[in-house]
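Visitor: Next up is a structure, given as structure tokens.
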Amino acid sequence: MSGIYGIFYKDGTSQTLEPLKAAMVEWGPDDQGTWCKGAVGLGHLMLHTTPESLDERLPATHPHHPNLIITADARIDNRDDILAALNISPAERMPDSTLILLAYERWGQACVDKLIGDFAFVIWDQRQQLLFCGRDIMGCKPFFYYNDTRRFIFASDIEGVLACSGVPQRLNETLLAIYLQEDSAFAEKRYTFFADIVKLPPAHQLVITADRSQLTQYWSLDSVREVRLPSDDDYAEQLRELLFQAVKCRVRTTFPIGTHLSGGLDSSTLTAIAARLLRKKGQTLTAYSWSPAPPSTGELPDDERKLIKELCSRESIQCHYIDLKVEDVVRTYMRDFTRQPYEMMLREELTQRQAAQNNVRIMLSGWGGDEAITGHGWGYWSALFLRGRWWKLHQEILSLIEQSDVTGIRKLKRYAGMTYSKVLLPLIPEFIWMRWRDSRPGVYPMTCIKQSFATQHQNAVMALCGPSLRERSNVQKMQWRWLDNGHLTRRIEAWAINGARQQLVYHYPLLDRRILEFCLGTPSDQFVQHGWKRSLIRRAVKGLLPEAIQWHRSKVEPAAFDVIGSVLVQALPELFDRLGTEKCTHPAVRCVDMKKLKEVIKQTNEIKREVEVLLNTMACVNVFTNSTINILNSNS
């Protein structure tokens, strides 16, 4: 993960890049460069990953037009298409950043929509006196910025922006209120915990001049075209080809490669494909699991490690497991997460350390698969009901039930339950569902947000959160909603920023634009067939995965979550003591109900499933205790 940064003084003041560079020095182990002229400065911190990056020097000027300068963190996957459109030989080993510059010269600001891959870049167009910024459709490369009437500051890491003098550090209390509630799976894609620092949203471009800024969305989920193929087999075959293409683009490196492996469909598919592609090139793949190492004797029910072992044996790869301790939990949640995001970092930090020991520079992840490619058919059954396909609905519900081996009255009860949950509930209007949900006692038993703080920010929270992610009666709209929700980008950014400190870059093949557009345009009945959810990918991986994985139903990972959950529970009292939360004068008492927090922590046998809600709460308390963030003058 290379880092980019820069500053533009709109009033013509000379700039300095040293504070940004110093704050992000870990991002550039292979090379560091700056370009400065007058009021504009661009910086780059290089981590080599692709073959083309070995000869790349950034920031860089256009080969023929020195008035165009770029800094970029980019991996362009449709290189051949861009080169062909520009009449350049594919044999020319051109860096991706130069390719972006040439695309900008050819298509202007429309160039960003021509690019497929992961990227964040800034071009200084000296002719037009503007900065042009672009970010990929899923935000796989982070981009933070501060913009006022005097200057524009950007960086891959929020620490870089904060390092510049005069940048306000006011707490964004609205996001804090969201974070403290059990609905915190939501993540806004633009705002940060600092009220005056924002992100360039995924699939957006930004133009900055001395007197204006223009933010434009260049790609959207609802613009995807419908996909119509002759048969079910054609859909499965097309998806299989796209999967191989997406993985091939992301293993374009000579450095060691790792992959997440949970035993599920998403990670297992990527692992099998990557192992085969790398074997042809004489390279090896190393797998990393969030589960503890398998015991010498005995297995848990539905133990995912059995599936991991079977795939690793089949593909001749080694898998590393983690050993999570209480100290690891305490260290992670004592961070200032406003600066060092820790979304799903607890287990991943141990994986990062293992990968660093093996000199791994690229980690493949199946993150994002549930939202599109391996969609569970959310909304499918109620959509059948609305379209009057009642016999088909009846058959699908029966097929689902028959897979659970229930008979007699239990089968009838299961049928009624499925009809209620999969057909009727998705049809309830949003405002009725929200009132019903919020009126139920104990809906958020582990939420320790202070009621006065929640009420104060209720309207702002609702404005940001929008519709809930509950199941609705439209498969495609459910896919849109899940993909458009900021939880995907939040984890991507956390892993990118923390991974940069270990010289580790994450690639997400299942978030490839070509795969997303294919899945979003595919008819809903491809995702659910004969009672099998995730039918499309199950058919696509036939012969690629062991049948035990291909037809595995459960997403539960008992070793990864139940076993490790015990460690999380053990860490709660120690975290509580370290934070000094007993004090009634603690600065966090304005937003956290300390008395309830203490009481809930004592219920250690009842909270294993929701323990991370409490850990998030104590991380918020830590922000109030140790952060340099300006809480007294925060926004309200």
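Heads up: the sequence shown begins at -2 in our numbering, then just goes up one per residue.
Note that the Cβ used here is the ideal one computed from N, Cα and C, for glycine as well.
Here the structure is a predicted model, which means the values were calculated and not measured.
#1: Buried or exposed: which applies to Ile494, given that a residue is buried once 16 or more other Cβ atoms fall within 10 Å of its Cβ?
#2: In whole angstroms, give me the CA-to-CA distance for Trp388 and Thr404.
#3: Restricting to Cα atoms, I'd like to know which of Gln123, Tyr503, Asp402 and Ala557 is closest to Thr58.
#4: Which residue from Phe252, Ile113, Leu513 and Met591 puts its Cα closest to that of Arg222?
#5: Whole angstroms are fine: how far does the CA of Phe252 sit from the CA of Asn356?
#6: With three or more C-beta pairs closer than 8 Å as the rule, is the region 325 to 342 touching the region 470 to 482?
#7: If you drop the 5 nearest sequence neighbours on each side, which residues of the same chain put their C-beta closer than 7 Å to that of Thr416?
#8: Looking at the strands, I want to know which residues DSSP matches up with Ser210.
#9: Within this structure, are the beta carbons of Ile67 and Ser50 separated by less than 9 Å?
#10: How would you label Pro87, buried or exposed, when you count the other beta carbons within 10 angstroms and need 16 or more for buried?
#11: Quick one: Cα of Arg187 to Cα of Trp104, how far?
#12: Mapping the DSSP letters down to three states, classify Lys419 as helix, strand or coil.
#13: Run through DSSP, which three-state label would Gly414 get?
#14: Whose C-alpha, out of Thr206, Thr329 and Arg72, is nearest the C-alpha of Ala491?
#15: According to the Cβ coordinates, are Cys137 and Asp115 closer than 9 Å?
#16: DSSP state of Met21, grouped into three classes?
#17: Tell me the rounded alpha-carbon separation between Gln500 and Glu15.
#18: My guess is that Asp300 and Ala82 are in contact by the Cβ rule of under 8 Å, so how many angstroms apart are they, rounded?
#19: Taking Cβ to Cβ, would you say Val502 is nearer than 9 Å to Met21?
#20: Are three or more beta carbon pairs between the region 199 to 206 and the region 129 to 149 nearer than 8 Å?
#21: Name the two residues that bound the continuous beta strand (DSSP E) containing Tyr285.
#22: Assign His317 to one of three DSSP states: helix, strand, or coil.
#23: Out of Pro520, Asn75, Gln242 and Glu596, which has the shortest C-alpha to C-alpha gap to Thr266?
#24: My guess is that Val472 and Phe524 are in contact by the Cβ rule of under 8 Å, so how many angstroms apart are they, rounded?
#25: Looking at the strands, I want to know which residues DSSP matches up with His257.
#26: Leu236 to Tyr412, Cα distance in whole Å?
#27: Out of curiosity, what's the CA-to-CA distance linking Thr486 and Glu368?
#28: Please report the Cβ distance between Gln12 and Gly40, rounded to the nearest whole angstrom; I am assuming they are in contact, meaning their Cβ atoms lie under 8 Å.
#29: Expressed to the nearest angstrom, what Euclidean distance is found between the alpha-carbon atoms of Arg384 and Tyr232?
#30: Is Asn144 near Ile205, with beta carbons less than 9 Å apart?
#31: Roughly how many whole angstroms lie between the Cα atoms of Val440 and Ile546?
#32: Spatial neighbours of Ser181 within its chain, please: CB distance less than 8 Å, with the 5 preceding and 5 following residues excluded, ordered by chain position.
#33: Are there three or more Cβ pairs, one per stretch, closer than 8 Å when the region 276 to 283 is compared with the region 536 to 552?
#34: Distance, Cα to Cα, Ala585 vs Arg247?
#35: Straight-line CA distance for Pro438 to Leu508?
#36: Compare the C-alpha of Ile359 against each of Trp375, Trp378, Pro506 and Cys161 and name the closest.
Guide: Walking through what the data contain:
#1: One-based indexing of the sequence shown puts residue 494 at position 497. Classification for Ile494: buried.
#2: By 1-based counting over the sequence shown, the position of residue 388 is 391. By 1-based counting over the sequence shown, the position of residue 404 is 407. Going from the Cα of Trp388 to the Cα of Thr404 covers about 21 Å.
#3: For the purposes of this step, residue 58 is taken as the residue at position 61 of the sequence shown. Answer by Cα proximity: Gln123.
#4: If you number the sequence shown from 1, residue 222 lands on position 225. It is Leu513 whose Cα lies nearest to the Cα of Arg222.
#5: Walking along the sequence shown from the start, residue 356 turns up at place 359. Walking along the sequence shown from the start, residue 252 turns up at place 255. About 8 Å.
#6: no
#7: By 1-based counting over the sequence shown, the position of residue 416 is 419. Around Thr416: Ile394.
#8: The count along the sequence shown starts at 1 and reaches residue 210 at position 213. DSSP, once it has assigned bridges, lists Ile205 as partnering Ser210.
#9: Taking the sequence shown and counting its residues from 1, one reaches residue 67 at position 70. Taking the sequence shown and counting its residues from 1, one reaches residue 50 at position 53. Cβ atoms of Ile67 and Ser50: not closer than 9 Å.
#10: Taking the sequence shown and counting its residues from 1, the one referred to as residue 87 is at position 90. Exposed, by the Cβ-count rule.
#11: Mapped onto the sequence shown, residue 187 falls at position 190. Mapped onto the sequence shown, residue 104 falls at position 107. Whole-angstrom Cα-Cα distance: 27 Å.
#12: Within the sequence shown, the letter at position 422 stands for residue 419. Helix, per DSSP.
#13: In the sequence shown, counting from the first residue as 1, residue 414 sits at position 417. Note: Gly414 maps to helix in three-state DSSP.
#14: Stepping through the sequence shown from its first residue, residue 491 is reached at position 494. The candidate whose alpha carbon is nearest that of Ala491 is Thr329.
#15: On the sequence shown, residue 137 is found 140 positions in, with the first residue counted as 1. On the sequence shown, residue 115 is found 118 positions in, with the first residue counted as 1. It is a contact, given that the beta carbons lie within the stated cut-off.
#16: On the sequence shown, residue 21 is found 24 positions in, with the first residue counted as 1. DSSP places Met21 in coil when its eight states are reduced to three.
#17: Counting from 1 along the sequence shown, the entry for residue 500 is found at position 503. Counting from 1 along the sequence shown, the entry for residue 15 is found at position 18. So the alpha carbons of these two residues sit roughly 21 Å apart.
#18: Walking along the sequence shown from the start, residue 300 turns up at place 303. Walking along the sequence shown from the start, residue 82 turns up at place 85. Contact flag wrong, Cβ pair sits at about 50 Å.
#19: Taking the first residue of the sequence shown as position 1, residue 502 is located at position 505. Taking the first residue of the sequence shown as position 1, residue 21 is located at position 24. Contact: no.
#20: yes
#21: Looking up residue 285 in the sequence shown gives position 288. Where Tyr285 is concerned, the enclosing beta strand (DSSP E) stretches over Leu282 to Tyr285.
#22: Here the question's residue 317 lines up with position 320 in the sequence shown. It is a strand residue.
#23: In the sequence shown, the residue the question calls residue 266 occupies position 269. Checking every option, the nearest Cα to that of Thr266 belongs to Gln242.
#24: Along the sequence shown, one-based indexing puts residue 472 at 475. Along the sequence shown, one-based indexing puts residue 524 at 527. Correct: roughly 6 Å between the Cβ atoms.
#25: Numbered from 1 along the sequence shown, position 260 holds the residue referred to as residue 257. Tyr285, per the DSSP bridge assignment.
#26: Walking along the sequence shown from the start, residue 236 turns up at place 239. Walking along the sequence shown from the start, residue 412 turns up at place 415. C-alpha separation (whole angstroms): 32 Å.
#27: Position 489 of the sequence shown, counted from the first residue, corresponds to residue 486. Position 371 of the sequence shown, counted from the first residue, corresponds to residue 368. Going from the Cα of Thr486 to the Cα of Glu368 covers about 13 Å.
#28: The residue you call residue 12 lines up with position 15 of the sequence shown. The residue you call residue 40 lines up with position 43 of the sequence shown. At roughly 10 Å, the Cβ-Cβ gap does not stay under 8 Å, so Gln12 and Gly40 are not in contact.
#29: Numbered from 1 along the sequence shown, position 387 holds the residue referred to as residue 384. Numbered from 1 along the sequence shown, position 235 holds the residue referred to as residue 232. Going by the C-alpha atoms only, they are around 23 Å apart.
#30: Within the sequence shown, the letter at position 147 stands for residue 144. Within the sequence shown, the letter at position 208 stands for residue 205. Result yes, Cβ atoms of Asn144 and Ile205 sit closer than 9 Å.
#31: By 1-based counting over the sequence shown, the position of residue 440 is 443. By 1-based counting over the sequence shown, the position of residue 546 is 549. With a pLDDT of 44 at Val440, under the threshold of 50, the predicted position of this residue should be treated as unreliable, and no value is reported.
#32: On the sequence shown, residue 181 is found 184 positions in, with the first residue counted as 1. Below a pLDDT of 50, predicted positions are generally treated as unreliable, and Ser181, at 46, falls in that range; the measurement from the model is reported next regardless. Ile175, Val610 and Asn613, listed in sequence order.
#33: no
#34: As a first step, residue 585 is located in the sequence shown; it is residue number 588 there, counting from the start. As a first step, residue 247 is located in the sequence shown; it is residue number 250 there, counting from the start. C-alpha separation (whole angstroms): 44 Å.
#35: For this step, residue 438 is matched to residue 441 along the sequence shown. For this step, residue 508 is matched to residue 511 along the sequence shown. With a pLDDT of 49 at Pro438, under the threshold of 50, the modelled position of that residue is not reliable, and the figure given next carries that caveat. Computed Cα separation, rounded: 38 Å.
#36: Translated into the one-based positions of the sequence shown, residue 359 becomes position 362. It is Pro506.
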